[in-house]
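Trainee:
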Amino acid sequence: MFHFILADLRRNRIGVALVALLVALATALGVAVTLQERALRLGSARASAPFDLVVGAAGSETQLVLSAVFLQAAPLPLAGPEVLAALRADPRVERAIPVGFGDFVGSHPIVGTTSEAIDLFGGLAEGTGFAHFGDAVAGALVRQAVGSSFHPFHGNAGEAGEVHAEAEYRIVGRLAPTGTPWDRAILVPIQSVWDVHADHDHAAGGEEDGHDHAAEAAHEHDDDHGHDHDHAGGAGRPVDETVLAGGDNPGVPAIVVKPRSIADAYTLRQEYRRDTTMAVFPGEVLTRLYGTLGDARRVLDAIAGGAQALVAAAILMVVVVHVLQRRRQIGALRAFGAPRAVVLSMVWLEVFLILAGGLLAGFALGYGAVRLLSVRLTEASGVVLPVGFTAADAWTLIGLLAVAALATLVPVLIAYRQTPAQALRA
Amino acid sequence: MLALTIEGLELTYPGLAAPVLDIPGLTVAAGAHVALTGASGSGKTSLVNVITGMERAGRGRILWNGEDIALLSENRRDGWRLAHVGLVMQEFHLFPGLSAEANVLLPHRLSRLSLEPGMRRRALDLLERVGIERPGQPVETMSRGQMQRVAVARALVGRPGVVVADEPTASLDREAGAAVSDLLLELARETGATLIAASHDERLIGRLDRVVRLENGRIAGEAAVHPGEGTKVAAAL
């Protein structure tokens, strides 16, 4: 019986392969939509996990989260120094970590922050944290080795920007992998960023106006381009933490706050939702984004569903044609005395094997495609996208197999009702 | 060896006024070699289908050694056919992709979990007997004459009580047809099986014992064939 099925499949291998491919591609489309959406959701949720509460100047909540969590380059308004000072002095706050963006080295964002951020992300994999101006801590995915130096570049790589040639950082340590976009970042003391950008109106990146370093006389370091000068903010000078508590700084685009309790988190959020500042739970903002993502997913689902319906119709046609073409074969086998239950289960099994093979291949194909895409996305964004099947997917597969089994049964049952003579006349 | 008795057979198809078969009575003795002749559309194939149980008899009794197969269920008729009938058809109905040996054994393989002991040996012997030198050869690589000889081996491998052939030589050239006719007659004689052959091939008809001619589903003539007069009888009928 299996011998016969194998011989038949081998004989029709091109047609069999095409039908299986059709099923596989349709299945892969649906699987990929589900898996990719899940990976994006889980990946971004994990990326936002270290960020309990983010405080910034009044503006777009979504942009604040995208910039703080995903390090998306965008001009953000600055929250005044008094906001940071007040948060750092607040007894309800365990940690209030300033985060400033704007510079890049290669495609890696440089994030001005404090050494507390290193603890926030789970500590160092090698080297030491930054204690001096000019020290930098690289994320896990940054190529530069510990001990190497670099000049920051204002604005994103590839865009018209300006090298802060006067500033130089030396990487002194590396963060343990976090699976977040911060793996691609280089952390430097916020004080260094303030110094480098002291003549800017703000510390957020993207704008090229006001880059007249030389005109800035208030600074202790020499800004004359092309000459020997100090490292960023005077390398080797210990970082002065007191500036964070006072009013003598330009402010920061975002402050990552770790409240002492959940109740504190809610009161803090309430308190900092004011005219000039806003406070958001990144999780909440992301949930809203998923809502939008969910809409997009429904559209994709509909497209995938449409494609699958088309393929399902094609499969039904193939199944019917397959069985009808086999009517003479069925008739002949029965004429020679083969029991009709055996003959028809053979026909059924053969079609089912093709469909099941296509379904399984489709799951593998969809998984592979999403894995590939997610690796690409991780390289680009740093967000680790966990691609994986859940128990629900197993039920989907079982459901699809059951539907395939039943659909195959219909033409077989039609054939079952015929006498061998009728089948032979076909 | 099976003897056939048909009583009051009437087969009608929906939409057709006249019955396709209307045979009040016909008997074939066990071990007899009978030819069914008649123009195409005369009911030869319908009669073959009814007596082999491939088609339900509308009315009447089809008794093989006293057992009425018209009373058997569809599944029982399939089983009965496997056990008692060796079938050879105009279109050989061999299964491409399988070897000659696998084709000969296929109906029995599909009916049981394991082959009866000795069945495989018998298949190889029969293939040798019908002149197939390589039992492992895929059937689609064979000539039509070889294919029909494989089909003859398949018909006989189950030691049937009756061999029923429906136009066994019609799709073969003269030489291959003669070889198949020889084999059918020789093997039927050797095994003692009853042979019923629907054919209009005079060279086959003339070598059987008896000719039954059908016309519009009725028996229009019947004659015994005496050795040496076969061709004459066939022509006369």
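Protein sequence lines correspond, in order, to chains A and B.
My numbering puts the first sequence at residues 18 to 443.
My numbering puts the second sequence at residues 16 to 252.
Each residue gets a CB set at the ideal place from its N, CA and C atoms; glycine is no exception.
Per DSSP, ILE114(A) is paired with what?
Mentor: Counting from one through the first sequence, the residue named residue 114(A) turns up at place 97. Paired residues: VAL273(A).
Trainee: Would you please state the rounded distance, in angstroms, between the beta carbons of ALA64(A) and VAL400(A)? I believe it to be under 8 Å.
Mentor: Here the question's residue 64(A) lines up with position 47 in the first sequence. Here the question's residue 400(A) lines up with position 383 in the first sequence. Right, the Cβ-Cβ distance comes to about 5 Å (below 8 Å), so this counts as a contact.
Trainee: Can you tell me which of THR79(A), VAL72(A), ILE22(A) and GLY32(A) puts its alpha carbon nearest to the alpha carbon of GLY308(A)?
Mentor: Along the first sequence, one-based indexing puts residue 308(A) at 291. Of the candidates THR79(A), VAL72(A), ILE22(A) and GLY32(A), the one whose C-alpha sits nearest the C-alpha of GLY308(A) is THR79(A).
Trainee: Give me the chain B residues within the contact set of ALA438(A), using Cβ-Cβ distance strictly less than 7 Å, ordered along the chain.
Mentor: Here residue 438(A) refers to the residue found at position 421 when the first sequence is read from its first residue. Those within 7 Å of ALA438(A) in chain B are ASN64, MET69 and GLU70.
Trainee: Can you confirm whether the region 376-387 of chain A touches the region 43-61 of chain A when touching is taken to mean that 3 or more C-beta pairs between the two stretches lie within less than 8 Å?
Mentor: The region 43-61 of chain A vs the region 376-387 of chain A: in contact.
Trainee: Beta-carbon of PHE353(A) versus every beta-carbon of chain B: anything under 8 Å?
Mentor: By 1-based counting over the first sequence, the position of residue 353(A) is 336. With 8 Å as the cut-off, PHE353(A) counts as an interface residue toward chain B.
Trainee: Considering only their Cβ atoms, is the gap separating VAL205(A) from PHE147(A) smaller than 8 Å?
Mentor: Mapped onto the first sequence, residue 147(A) falls at position 130. Mapped onto the first sequence, residue 205(A) falls at position 188. Yes, these two residues count as a Cβ contact at 8 Å.
Trainee: What residues from chain A crowd round LEU125(B), counting only those whose CB sits closer than 8 Å?
Mentor: Within the second sequence, numbered from 1, the residue matching residue 125(B) stands at position 110. Simply MET18, PHE21, LEU350, ALA355, PRO356, VAL359, VAL360 and MET363.
Trainee: Any contact of the region 360-373 of chain A with the region 19-30 of chain A, i.e. 3+ C-beta pairs under 8 Å?
Mentor: Yes, since at least three Cβ pairs between the region 360-373 of chain A and the region 19-30 of chain A fall closer than 8 Å, the two stretches touch.
Trainee: Which chain B residues are close to ARG27(A), counting only those with a beta carbon under 7 Å from its beta carbon?
Mentor: Residue numbering aside, residue 27(A) sits at position 10 when the first sequence is read from its first letter. The answer, in chain order, is GLY112.
Trainee: GLU201(B): which of GLY73(B), ARG222(B), ARG74(B) and ASP188(B) sits nearest, CA to CA?
Mentor: Looking up residue 201(B) in the second sequence gives position 186. Answer by Cα proximity: ARG222(B).
Trainee: Can you find a C-beta in chain B that's less than 8 Å from the C-beta of ALA24(A)?
Mentor: Here residue 24(A) is taken as the residue at index 7 of the first sequence, counted from 1. Chain B contact via Cβ: present.
Trainee: For LYS224(B) and ARG74(B), what's the separation of their Cα atoms in angstroms?
Mentor: Counted from its first residue, the second sequence places residue 224(B) at position 209. Counted from its first residue, the second sequence places residue 74(B) at position 59. The sequence as given places Asp at residue 224(B); Lys does not occur at that position. For ASP224(B) and ARG74(B), the distance between alpha carbons rounds to 29 Å.
Trainee: So, helix, strand or coil for HIS48(B), using DSSP?
Mentor: Residue 48(B) sits at position 33 when you count from the first residue of the second sequence. Correct three-state label for HIS48(B): strand.
Trainee: Quick check on HIS123(B): does DSSP put it in helix, strand or coil?
Mentor: As a working note, residue 123(B) is residue 108 in the second sequence. HIS123(B): helix per DSSP, three-state reduction.
Trainee: Run through chain A and tell me which residues come within less than 7 Å of LEU36(B), C-beta to C-beta.
Mentor: For the purposes of this step, residue 36(B) is identified with residue 21 of the second sequence, where counting begins at 1. What LEU36(B) touches in chain A: nothing, since even the nearest Cβ is about 12 Å away.
Trainee: Cα separation between ARG124(B) and MET18(A)?
Mentor: Position 109 of the second sequence, counting from 1, holds the residue named residue 124(B). Position 1 of the first sequence, counting from 1, holds the residue named residue 18(A). Distance between the alpha carbons of ARG124(B) and MET18(A) is about 7 Å.
Trainee: Less than 8 Å between the beta carbons of HIS99(B) and PRO29(B), yes or no?
Mentor: As a working note, residue 99(B) is residue 84 in the second sequence. As a working note, residue 29(B) is residue 14 in the second sequence. Going by C-beta atoms, HIS99(B) is not nearer than 8 Å to PRO29(B).
Trainee: In angstroms with no decimal places, state the Cα-to-Cα distance between SER166(A) and VAL159(A).
Mentor: On the first sequence, position 149 is the one that residue 166(A) refers to. On the first sequence, position 142 is the one that residue 159(A) refers to. Each residue's Cα considered, the two are about 13 Å apart.
Trainee: First and last residue of the beta strand (DSSP E) that includes MET186(A)?
Mentor: Taking the first residue of the first sequence as 1, we reach residue 186(A) at position 169. According to the sequence displayed, residue 186(A) carries Tyr and not Met. 186-192 is the extent of the beta strand (DSSP E) around TYR186(A).
Trainee: Let's see if you can read the secondary structure: which residues bound the alpha helix (DSSP H) around GLY269(B)?
Mentor: What the structure shows of chain B is the stretch from 16 to 252, and residue 269(B) is not part of that stretch, so it cannot be assessed.
Trainee: Would you kindly check if the distance between the Cβ of TRP79(B) and the Cβ of LEU19(B) is under 8 Å?
Mentor: Here residue 19(B) is taken as the residue at index 4 of the second sequence, counted from 1. Here residue 79(B) is taken as the residue at index 64 of the second sequence, counted from 1. Yes; because the gap between Cβ atoms is below 8 Å, this pair is in contact.
Trainee: Interface residues of chain A around GLU89(B) at Cβ under 8 Å?
Mentor: Mapped onto the second sequence, residue 89(B) falls at position 74. Chain A residues near GLU89(B): ARG357 and THR436.
Trainee: Using a Cβ-Cβ cutoff of less than 7 Å, which residues in the same chain neighbour GLY243(A) once the five nearest sequence positions on both sides are dropped?
Mentor: What you label residue 243(A) is simply residue 226 of the first sequence in a count that begins at 1. In this prediction, GLY243(A) has a pLDDT of 39, which is less than 50 and means its spatial position is unreliable; nothing more can be read from the coordinates.
Trainee: Under 8 Å between beta-carbons, which chain A residues line up against ASP93(B)? List them in chain order, please.
Mentor: Position 78 of the second sequence, counting from 1, holds the residue named residue 93(B). Simply ARG351, GLY354, ALA355, PRO356, ARG357 and PRO437.
Trainee: Does PRO153(B) come out as helix, strand or coil in the three-state DSSP assignment?
Mentor: The residue given as residue 153(B) occupies position 138 in the second sequence. Correct three-state label for PRO153(B): strand.
Trainee: Does the beta-carbon distance from PRO299(A) to VAL110(A) come in below 8 Å?
Mentor: In the first sequence, residue 299(A) corresponds to position 282, counting from 1. In the first sequence, residue 110(A) corresponds to position 93, counting from 1. It is not a contact, given that the beta carbons lie outside the stated cut-off.
Trainee: Taking LEU97(B) as the query, report the chain A residues whose CB atoms sit under 9 Å from its CB, ordered along the chain.
Mentor: Taking the second sequence and counting its residues from 1, one reaches residue 97(B) at position 82. Ordered by position in chain A, the residues that pass the 9 Å Cβ test against LEU97(B) are PHE353, GLY354, ALA355 and PRO356.
Trainee: Beta-carbon of ARG174(B) versus every beta-carbon of chain A: anything under 8 Å?
Mentor: The residue you call residue 174(B) lines up with position 159 of the second sequence. Not one chain A Cβ lies under 8 Å of ARG174(B).
Trainee: Answer yes if the region 101-120 of chain B comes into contact with the region 40-58 of chain B, meaning at least three C-beta pairs across the two stretches below 8 Å, and no otherwise.
Mentor: At 8 Å Cβ cutoff, the stretches do not touch.
Trainee: Which chain A residues are close to PRO150(B), counting only those with a beta carbon under 9 Å from its beta carbon?
Mentor: The residue you call residue 150(B) lines up with position 135 of the second sequence. None at all; the shortest Cβ gap to chain A is about 15 Å.
Trainee: Would you mind reading off the limits of the beta strand (DSSP E) that contains PRO206(A)?
Mentor: Counting from 1 along the first sequence, the entry for residue 206(A) is found at position 189. Unbroken beta strand (DSSP E) run through PRO206(A): 203-206.
Trainee: Quick check on DSSP: helix, strand or coil for ILE77(B)?
Mentor: Taking the second sequence and counting its residues from 1, the one referred to as residue 77(B) is at position 62. In this structure, ILE77(B) counts as strand in the three-state DSSP scheme.
Trainee: In the DSSP assignment, what residue or residues form a beta bridge with HIS20(A)?
Mentor: One-based indexing of the first sequence puts residue 20(A) at position 3. According to DSSP, HIS20(A) bridges with nothing at all.
Trainee: Hey, would you say the C-beta of PHE298(A) is under 7 Å away from at least one heavy atom of the ligand MG?
Mentor: In the structure on display, the ligand MG does not appear, and there are no ligands present to speak of.
Trainee: Inspect the beta-carbon positions of LEU13(B) and VAL227(B) and report whether they are closer than 8 Å.
Mentor: Examination of residue 13(B) is not possible in this model, given that chain B is present from 16 through 252 alone.
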